[in-house]
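**Student:** Each residue of the sequence shown is one higher than the one before, counting from 1426 in the working numbering. Glycine included, each C-beta is placed from N, C-alpha and C at the ideal position. Computed from a predicted model, the values in this text were never measured in an experiment.
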Amino acid sequence: MGMVDHEMIPEHCGIIEFYHNVDSWETEFYVIRKPRKVHDDSYWKLNDKDLFIRKMALNLLYKKMEIKGKHEELIFKNPFDLKKLK
């Protein structure tokens, strides 16, 4: 509560402040200002759906590689390595 002056927050944004009592572990929320609707368009009309899906797939691939612990692992076999084996 009181960390940011309300005039610094844009008028279309809502403000919710909270107070957390560390002794009783209770948190109280106070709605200071509700957000205003800026537009009626859906999210997908405002953003590129194909780009979003490609970025999600790329993030999934990075996470998969982090889990394996192989950051520099090649997904496909190197064709030059196959020629060496023959």
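Strictly by DSSP, which residues pair up with HIS1445?
**Tutor:** Answer is THR1452.
**Student:** Return helix, strand or coil for ILE1478, following the three-state DSSP convention.
**Tutor:** ILE1478: helix per DSSP, three-state reduction.
**Student:** Mind checking which residues open and close the alpha helix (DSSP H) that includes LYS1470?
**Tutor:** 1468-1471 is the extent of the alpha helix (DSSP H) around LYS1470.
**Student:** Have a look at HIS1464 and LEU1483 and give me their C-alpha separation to the nearest angstrom.
**Tutor:** Whole-angstrom Cα-Cα distance: 30 Å.
**Student:** So which of LYS1474, LEU1476, TYR1444 has the shortest CA-CA distance to GLU1453?
**Tutor:** The residue with the shortest Cα to Cα distance from GLU1453 is TYR1444.
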